[in-house]
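**Student:** So that we are looking at the same thing, I have put the structure below in C-alpha cells.
Numbering (our numbering), first residue to last: 41 to 327.
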C-alpha cells in the first residue's frame, strides 16, 4: 500500500520535516525518562534503556514518515552483491583505527569496559548491537535524517550526516580519539552512500551490525586476533576485486550527485547540527 494513502492532511516539506525530526530527536532526553525507567527496572539498566530507545525510534520513524510520505523510498530487499561491496568499503574505513584496535587498553576503553566486553557472550552482544546501534541509528540517521535531506540535496545530505555521525560520537564518548572519529565519519559516509544507492535498510543495518561486532570479537578473542584481522582484511579487499563492475557503478552514482555546493552546504549543516546538540547537552546537564 502506498504510504500516502494512510496520511492525513498536507504532506510536510522535507526540510521542514527534517528540522522538526532533528529537534524532536535530540531533545528526547527531556521527555523520555519516564518511558525508559520501567524498561530499565524490567530488563536492567543498559538493556532496558536500549529496548526503550528502539521502540521510541520505530515510533519516531513512523511519525516522521506520516508527516512526509516522500521519505518512504525504502527498499526491504537484500542485494547480497552490494551488501558485500559496501561491507568491504566499511571495513576499509577501519584503517584509521588500526592502532586503537591493537591496544584495547586505550583511554577510550576502561579496564571495566574491557572486562565487560570479554564477559559478554556472542548472543548477548549480538542482540545488544541490534537494539543499541543497528536498528535505532540506521532508522534515525539513514532513514529519517539522510532520507529527508536527500529529497532536497543528496550529496549535501551525505556530507552532513557523515560528519555529524562521526564527530557526534564525541558527545557520547568524550575520550574517543580523533582518528576513531574520522573512522566513524568514513563509516557513516559508506552507510549513507549504501542507503542512497540501494535504498535498502536491511543492508545498512546488517553492515552496521557487523562493523560493531568485529571490534568486539577482536577484543574478546585474544588468541585468534590474527585470524580475525586477516579475515577482516580479506573481506575489505576481495569484494572490491570480484565486484569491480558494481563498484564502478557506485562511483558513477557518486560522481552524478557530487557538487561543490552540496559539499559546502553539507559541511555547514553538519556544523549547525553539532552546535545544536552541544547546546542541548549543556542545557540538559544544567537541569
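Backbone N, C-alpha and C fix where the C-beta goes; we use that ideal spot for every residue, glycine too.
1. For residue 324 and residue 206, I'd like the C-alpha separation in whole angstroms.
2. Is DSSP giving residue 289 helix, strand or coil here?
3. Using C-beta distances below 8 angstroms, list every residue in its chain close to residue 90, excluding the 5 sequence neighbours before and after it, in chain order.
4. Using only alpha-carbon positions, find the residue among 66, 184, 126 and 69 that is nearest to residue 57.
5. Is residue 240 helix, strand or coil by DSSP?
6. Can you tell me whether residue 115 is helix, strand or coil according to DSSP?
7. Looking at the unbroken alpha helix (DSSP H) that takes in residue 263, where does it start and where does it end?
8. Measuring straight from C-alpha to C-alpha, what distance separates residue 81 and residue 165?
9. For the region 60-105, which segments carrying the beta strand (DSSP E) assignment without a break, of at least 3 residues, lie completely within its bounds, in sequence order?
10. Here's the rule: buried if 16 or more other CB atoms are within 10 angstroms of the residue's CB, otherwise exposed. What is residue 59?
11. Could you give the C-beta distance for residue 244 and residue 272, rounded to a whole number, given that I count them as a contact under 8 angstroms?
12. Spell out a yes or no on whether the region 222-232 and the region 188-207 are touching, meaning 3 or more CB-CB pairs, one atom from each, closer than 8 angstroms.
13. Quick check on residue 312: buried or exposed, where buried means 16 or more other Cβ atoms within 10 Å of its Cβ?
14. Taking 8 angstroms as the cut-off, does the region 119-134 touch the region 273-292 (at least 3 CB pairs, one atom from each stretch)?
15. Tell me, to the nearest whole angstrom, how far the beta carbon of residue 179 is from that of residue 98; I am working on the premise that it is less than 8 angstroms.
16. How is residue 162 classed by DSSP in three states: helix, strand or coil?
17. Cα separation between residue 69 and residue 78?
18. Please report how far the alpha carbon of residue 263 lies from the alpha carbon of residue 88, in whole angstroms.
19. How many angstroms separate the CA atom of residue 125 from the CA atom of residue 110?
20. Report the rounded CA-to-CA distance for residue 86 versus residue 160, giving the unit in angstroms.
21. DSSP state of residue 339, grouped into three classes?
**Tutor:** Reading from the atomic positions:
1. 22 angstroms
2. helix
3. 168, 171, 172 and 176
4. 184
5. strand
6. strand
7. Looking at the DSSP string, residue 263 is not in any alpha helix (DSSP H), and its letter there is neither H nor E.
8. 20 angstroms
9. none
10. exposed
11. No, residue 244 and residue 272 are not in contact; Cβ-Cβ is about 19 angstroms, not under 8 angstroms.
12. yes
13. exposed
14. yes
15. 7 angstroms
16. helix
17. 15 angstroms
18. 32 angstroms
19. 27 angstroms
20. 13 angstroms
21. Because the chain in this structure spans residues 41 to 327, residue 339 falls outside the shown range and cannot be described.
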